[in-house]
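Asker: First the structure, then my questions, so here it is.
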Amino acid sequence: MTRQPPEVSIVLPVYNRESTLGRALDSLTAQHAHDIEIIVVDDGSSDGSRPLAEACAARDPRITVRQTPRNLGAAGARNVGIDAASGRYIAFQDSDDRWFPEKLTRQLKALRENPAARACYCGAVYFSTAQSYYIPRHGTIRRPNGQIFEDLLVSNATTPQTLLLERALLSECGGFDENLRINEDWDLALRIAKHTAFAFVPEPLVMIYRTPGSVSSDLSADALFREWLLETYASDYARHHRARARQRYIAGAQHLALGDYRRALRLLVQSMRDAPSPRCAAQIARIPISWLSGRRPA
């Protein structure tokens, strides 16, 4: 007898996360929503991640394990899982995070109560060695339910782990951009928000754990991403000067911290033209006078 497609497909990419994969999977199998499939995508792990996933799959028929042809990164591994998914809805989990048992039931209920919404996100709590905090941060989304595209131009209020969306949306919008090194989820959220309204569940239903990485590398990658964002969504930012000013300010401040004064000056001056602010002027004032006096015109 052919099994009917599940209501929800959950895609979980993993790369060398043997120590945390078990808790991530346990939080999925403990969901109050039982009509699910869990697709673990091993992205070329060299530790015991795949054997652990296969052992879990042997105990729970809702779990299947896929293998990428090579290490693709999180975006590519998620896309492999998306291609294998058969549920009406799709959700994403990371291999070191946890969901509360009611996550899916609460989000499915929110979608039923908001027929205009084809996607839903929820609150989450970030944990790191330095701090913990709730997302989305206060004030980042003016109207959490409904059309959030303009708010997403300012900052990303979603993460893959907090999303539940119609699988058909990914056919319409495309999956994760595998060319992006970071923030590929932000780009996807923007594309989805152009197609549909969002429902929002404010309760923190996800626990996200973060291990500090290279600050310099993170700053550089994030600054370059924001410049990419400004270019890719240029026509949208042209209608929202304050959002554009914010991205230019953040990218400029990041380049300044990294010592790239030329890029920093260009972005900070552009930000001031969009929306003058004392903090942006203060960043410009931090650029060394010796560099300013010696630089050649661009």
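Residues 1 to 298 in the UniProt record's numbering are what the sequence shown lists, from first letter to last. Just so you know, even glycine gets a beta-carbon here, dropped at the ideal spot from N, CA and C.
1) Quick one, are the C-beta atoms of arginine 244 and histidine 255 less than 7 Å apart?
2) Once the 5 residues before and after valine 215 are set aside, which same chain residues still bring their CB inside 6 Å of it?
3) Which partner residues of tyrosine 121 appear in the DSSP bridge assignment?
4) Just to confirm the assignment: which complete alpha helix (DSSP H) runs, minimum length 4, are found wholly within the region 236-280?
5) Provide the residue(s) that pair with phenylalanine 92 in DSSP beta bridges, ordered along the chain.
6) Does isoleucine 289 pass the burial test, meaning 16 or more other C-beta atoms within 10 Å, or should it be called exposed?
7) Just to confirm my understanding: we take threonine 29, look at its own chain, exclude 5 residues before and 5 after, and list those with CB closer than 6 Å. What are they?
8) Using a Cβ-Cβ cut-off of 8 Å (strictly less than) and excluding sequence neighbours within five positions of arginine 106, which residues of its own chain qualify?
9) Closest to arginine 98 by CA distance: which of Ala124, Arg167, Pro276 and Ala53 is it?
10) Could you name the residues that DSSP lists as bridge partners for threonine 64?
11) Could you check if tyrosine 133 belongs to the surroundings of the ligand GDP, using beta carbon to heavy atom distance under 6 Å?
12) Skipping 5 residues on each side, what residues in its chain have a beta carbon closer than 6 Å to that of asparagine 79?
13) Measure the CB-CB distance between isoleucine 284 and alanine 221 and report whether it falls below 7 Å.
14) Pull up the DSSP beta-bridge partners for tyrosine 134, would you.
15) With a threshold of 8 Å, are at least 3 pairs of Cβ atoms found where one atom belongs to the region 150-157 and the other to the region 234-251?
16) I need the straight-line Cα distance from glutamate 54 to threonine 64, nearest angstrom please.
17) For isoleucine 38, collect the residues of the same chain with a Cβ closer than 6 Å to its Cβ; drop the 5 residues on either side in sequence, then sort them by chain order.
18) Please name the residue in Ala116, Ser132, His32 and Gly44 whose C-alpha comes closest to that of residue 323.
19) What are the start and end residues of the alpha helix (DSSP H) that includes glycine 76?
Answerer: Based on what the coordinates show:
1) The residue labelled residue 244 in the question sits at position 244 within the sequence shown. The residue labelled residue 255 in the question sits at position 255 within the sequence shown. Contact: no.
2) One-based indexing of the sequence shown puts residue 215 at position 215. Note that valine 215 has pLDDT 45, beneath the 50 cutoff, so the model's placement of it is unreliable and no number is given.
3) Position 121 of the sequence shown, counted from the first residue, corresponds to residue 121. In the DSSP output, where bridge partners are listed per residue, tyrosine 121 has Leu163 and Phe200.
4) 241-257 and 261-274
5) On the sequence shown, position 92 is the one that residue 92 refers to. Looking at the DSSP output, phenylalanine 92 sits in a beta bridge with Val11.
6) Numbered from its first residue, the sequence shown carries residue 289 at position 289. Counting of Cβ neighbours within 10 angstroms places isoleucine 289 among the exposed residues, the total staying below 16.
7) Along the sequence shown, read from residue 1 onward, the residue named residue 29 stands at position 29. These residues qualify, in order along the chain: Asp60.
8) Within the sequence shown, residue 106 is the residue found at index 106, counting from 1. Excluding residues within five positions, the ones whose Cβ falls inside 8 Å are Cys122, Val201, Glu203 and Leu205.
9) In the sequence shown, residue 98 corresponds to position 98, counting from 1. Nearest of Ala124, Arg167, Pro276 and Ala53 to arginine 98, Cα basis: Ala124.
10) Within the sequence shown, numbered from 1, the residue matching residue 64 stands at position 64. DSSP lists Ile39 as partners of threonine 64.
11) The ligand content of the structure shown is nil, which means the ligand GDP is not present either.
12) As a working mapping, residue 79 is identified with position 79 in the sequence shown. Counting only Cβ-Cβ distances below 6 Å, and skipping sequence neighbours, we find Gly175 and Phe176.
13) Counted from its first residue, the sequence shown places residue 284 at position 284. Counted from its first residue, the sequence shown places residue 221 at position 221. Taking 7 Å as the Cβ cut-off, isoleucine 284 and alanine 221 do not qualify as a contacting pair.
14) Within the sequence shown, numbered from 1, the residue matching residue 134 stands at position 134. In the DSSP output, where bridge partners are listed per residue, tyrosine 134 has Val125.
15) yes
16) As a first step, residue 54 must be located in the sequence shown, where it is residue number 54. As a first step, residue 64 must be located in the sequence shown, where it is residue number 64. Rounded to the nearest angstrom, the two C-alpha atoms are 8 Å apart.
17) Counted from its first residue, the sequence shown places residue 38 at position 38. Within the same chain, Cβ atoms closer than 6 Å to the Cβ of isoleucine 38 are found at Ile10, Leu28, Arg62 and Ile63, the five residues on either side in sequence being excluded.
18) In the structure displayed, the chain extends from 1 to 298; residue 323 sits before or after that span and is not available.
19) Here residue 76 refers to the residue found at position 76 of the sequence shown. DSSP places glycine 76 in the uninterrupted alpha helix (DSSP H) bounded by 73-84.
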